[in-house]
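I have placed the structure first, in the form of structure tokens, so that the comments after it can refer back to it.
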Amino acid sequence: MTMKARGKAQKISASRARGFTLVELMAVVVITGILASLAMVGYRRYVDSAKTGEAREVIGSIKAGQESYFDETMRFLNVSTNINTYYPNASPTGFIKTSWVSDSDAYKNFGRIGVNVTSPVYFGYASIASLGGDEPSAGDGVTNWSPPTTAQPYYIVKAVCDINPGGEKTVFVSSSFQSDIYGENVGE
Numbered sequence: 329m330t331m332k333a334r335g336k337a338q339k340i341s342a343s344r345a346r347g348f349t350l351v352e353l354m355a356v357v358v359i360t361g362i363l364a365s366l367a368m369v370g371y372r373r374y375v376d377s378a379k380t381g382e383a384r385e386v387i388g389s390i391k392a393g394q395e396s397y398f399d400e401t402m403r404f405l406n407v408s409t410n411i412n413t414y415y416p417n418a419s420p421t422g423f424i425k426t427s428w429v430s431d432s433d434a435y436k437n438f439g440r441i442g443v444n445v446t447s448p449v450y451f452g453y454a455s456i457a458s459l460g461g462d463e464p465s466a467g468d469g470v471t472n473w474s475p476p477t478t479a480q481p482y483y484i485v486k487a488v489c490d491i492n493p494g495g496e497k498t499v500f501v502s503s504s505f506q507s508d509i510y511g512e513n514v515g516e
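Following the numbering used here, the numbering of the sequence shown begins with 329 at its first residue and continues without gaps.
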């Protein structure tokens with residue numbers, strides 16, 4: 329190998345040993361940004377589903393409590409003053425958890441049907457009951473849910489929260505008419 333060829337080979341290996349080019353670094357930054365944005369979308373879905381999972385669990389507990397109360401007394405308990413009066417938080421948002429325990433009448437009424445929530449909650453809950461013969465209503469924020477008019481006693485359970493403040497409120501509704509839980513604006 330001549331001296332000239334050896335010098336050229338050393339120059340090439342020296343430039344390669346120097347590091348990454350600007351284009352290579354920018355490609356890594358762009359790929360990292362794309363992966364981070366995908367991770368944030370997935371994380372946000374995970375957090376929102378955890379919050380809505382709370383509502384489904386508490387509604388299930390309220391439904392079980394109402395059914396148990398009915399088995400003992402032959403009527404459902406009107407826990408809330410109306411379907412749009414929420415406990416424990418009158419204006420629930422997805423950023424603030426509210427303790428379930430208080431001295432209010434609503435807390436005592438939820439206790440009468442055996443609802444025992446041990447940790448703070450994001451949603452506000454309401455449960456009304458009727459002896460029947462009237463038209464049930466799910467109240468504000470529910471547009472596509474319509475229970476049948478009945479002469480039988482019934483209850484309606486509702487959970488409301490503005491999961492992403494500034495957006496539409498997420499609303500869950502269920503009743504003695506059905507076993508499933510209807511949701512509107514879930515993930516909004």
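We put the beta carbon where it would ideally sit given N, CA and C, even for glycine.
If we ignore side chains and look at the alpha-carbon of each, how far apart do residue i and residue j end up?
i: residue 376; j: residue 347; result: 43 Å
i: residue 440; j: residue 356; result: 60 Å
i: residue 387; j: residue 502; result: 8 Å
i: residue 438; j: residue 390; result: 8 Å
Decide if residue i is buried, meaning its Cβ has at least 16 other Cβ atoms within 10 Å, or exposed.
i: residue 404; result: buried
i: residue 498; result: buried
i: residue 442; result: exposed
i: residue 374; result: exposed
Candidates the options: which alpha carbon is nearest residue i's?
i: residue 424; options: 431, 416, 430; result: 416
i: residue 489; options: 433, 418, 465; result: 418
i: residue 455; options: 446, 471, 436; result: 436
i: residue 491; options: 512, 504, 434, 471; result: 512
i: residue 494; options: 420, 353, 433; result: 420
Which residue comes first and which comes last in the beta strand (DSSP E) that contains residue i?
i: residue 455; result: 452 to 458
i: residue 328; result: The chain is shown only over 329 to 516; residue 328 falls outside these bounds and no answer can be derived.
i: residue 488; result: 482 to 489
i: residue 498; result: 498 to 503
Going by DSSP, what residue range makes up the alpha helix (DSSP H) through residue i?
i: residue 447; result: Where residue 447 is concerned, there is no enclosing alpha helix (DSSP H), given that its DSSP letter is neither H nor E.
i: residue 382; result: 350 to 401
*Counting Cβ pairs closer than 8 Å, one from the segment 379 to 392 and one from the segment 450 to 458, do we hit at least three?*
In short, these stretches touch, since the Cβ pair count reaches three.
*Between the segment 401 to 420 and the segment 472 to 479, are three or more C-beta pairs nearer than 8 Å?*
They do not touch, by the three-pair rule.
*Please determine if the segment 358 to 371 and the segment 454 to 465 are in contact, where contact requires at least 3 C-beta pairs separated by less than 8 Å.*
Contact between the segment 358 to 371 and the segment 454 to 465 is absent, because fewer than three Cβ pairs lie under 8 Å.
*Are at least three pairs of beta-carbons, each pair with one atom in the segment 484 to 493 and one in the segment 426 to 444, less than 8 Å apart?*
The segment 426 to 444 and the segment 484 to 493 do not touch, with fewer than three beta-carbon pairs separated by less than 8 Å.
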